[in-house]
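The next block holds one structure in the form of structure tokens; read it before the comments.
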Amino acid sequence: MRRPENELLASAAAPDYFHPVNSEPSPPAPVRRRVAPPRGWRAEVDYVLITQTQLARRVRELSREIERDFTGRDLVIVSLLNGTVMFLADLIRHLSLPLRLDFMGVSSYGGGTTSRELVFTKELRLEVRGRDVLLVDDILDTGKTLQTVLAKLRELQPREIKTCVLLDKPSRRVENVRADYAGFEVPDLFVIGYGLDYAERYRNLPFVGVLKPEIYQH
Ligand code: XMP
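Under our numbering, the first residue of the sequence shown is numbered 95, with each subsequent residue one higher.
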């Protein structure tokens, strides 16, 4: 069947990342493969869940979708410390948009409790009232962190808030919160690397991996 001429013209002119206006962000990519870790990490890392190549490709896709959706907006990116460092750096270097960047610190270990009470360790400094906020986090797990931060941000009366996470672990969700942009859907495993830590280590791994059980048992 012949395609209408205007459709042919549109597909010829459009770059490969073209999305029609108002199209939905892509769903998170599933992860299935287990890859052997690089030699230097084999003593501690059981396997690589998301490779450097997969991360680079997917983060670039997210950047394109964000760029498409936020063009012409007064964008403030609010990134949660410390786990977003690598993801954020890769995400924003591909954004050809005017934007402002600020950070919030939030920790669930404050006071040494096990109840996962959230403590803000760094407050936002930029004005977000009337602006479009993109809240960036490393992983959406139970949803308690995003839920708490979203409530705090809403009090500052931004025009709109969207959420972007590298990883989504929906099987553990407790709160009714979702990410507008999510890189990968991961199974119920504790993951490290690419900014994510275990006891403040492993943030520098260029991949997302799973630790050997004996590392947790120390
Ligand atoms: P919630 O449960 O509040 O979790 O959605 C969000 C925060 O908890 C940390 N977190 C993890 N950190 N590997 C990590 O290194 C994980 O598998 C993991 N799951 C949750 C993380 O700080 C995240 O922002």
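Positions of the beta carbon are idealized from the N, C-alpha and C atoms, including for glycine.
Buried/exposed call for residue i, threshold 16 Cβ in 10 Å
i      : result
Val115 : Interpretation of Val115 is limited by its pLDDT of 46, a score under 50 that renders its predicted location unreliable; the figure taken from the coordinates is listed afterwards. With fewer than 16 other Cβ atoms within 10 Å, it is exposed.
Tyr296 : buried
Arg151 : exposed
Gly204 : Annotation note: pLDDT 44 at Gly204 (below 50); position unreliable, coordinate value reported separately. It counts as exposed.
Ser157 : buried
Thr215 : exposed
Tyr288 : buried
Phe197 : buried
Pro121 : exposed
Gly237 : buried
Pro124 : exposed
Thr257 : buried
Ser173 : buried
Thr239 : buried
Ala307 : Note on residue identity: the sequence assigns Pro, not Ala, to residue 307. Result: exposed.
Val142 : buried
Asp110 : The predicted model places Asp110 with a pLDDT of 39, which falls under 50 and marks its position as unreliable; any figure quoted below should be read in that light. Exposed, since its Cβ has fewer than 16 Cβ neighbours within 10 Å.
Val129 : exposed
Val285 : buried
Val170 : buried
Gly206 : Confidence at Gly206 is low in this model, with a pLDDT of 40, below 50, so the placement of that residue is unreliable and no value is reported for it.
Asp213 : Residue identity differs from the one stated: residue 213 is Val in this sequence, not Asp. When all chains shown are included, Val213 counts as exposed.
Val268 : exposed
Exercise. Closer than 7 Å from C-beta to any heavy atom of the ligand XMP: which residues, in chain order?
Worked result: Answer in sequence order: Leu174, Gly177, Ser202, Asp231, Asp232, Ile233, Leu234, Asp235, Thr236, Gly237, Lys238, Thr239, Leu240, Lys263, Arg266, Leu283, Phe284, Val285, Ile286, Leu290, Asp291, Tyr292.
Problem set entry | Runs of beta strand (DSSP E) wholly within the stretch 251–277 (minimum 3 residues, chain order) | Runs found: 254–262.
For this session: Report yes or no: do the stretch 146–159 and the stretch 171–179 share at least 3 C-beta pairs separated by less than 8 Å?
Result: no
Problem set entry | contact_flag[the stretch 280–294, the stretch 223–238] where n(CB pairs < 8 Å) is 3 or more | yes
For this session: Report yes or no: do the stretch 295–307 and the stretch 263–276 share at least 3 C-beta pairs separated by less than 8 Å?
Result: no
Problem set entry | beta strand (DSSP E) runs contained entirely in the stretch 132–182, provided each spans 3 or more residues | 139–144, 169–175
For this session: Kindly confirm or deny that the stretch 152–165 and the stretch 187–200 touch, where touching means at least three C-beta pairs closer than 8 Å.
Result: Short answer: they touch.
Exercise. Is there contact between the stretch 257–273 and the stretch 129–142, where contact requires at least three CB pairs shorter than 8 Å?
Worked result: no
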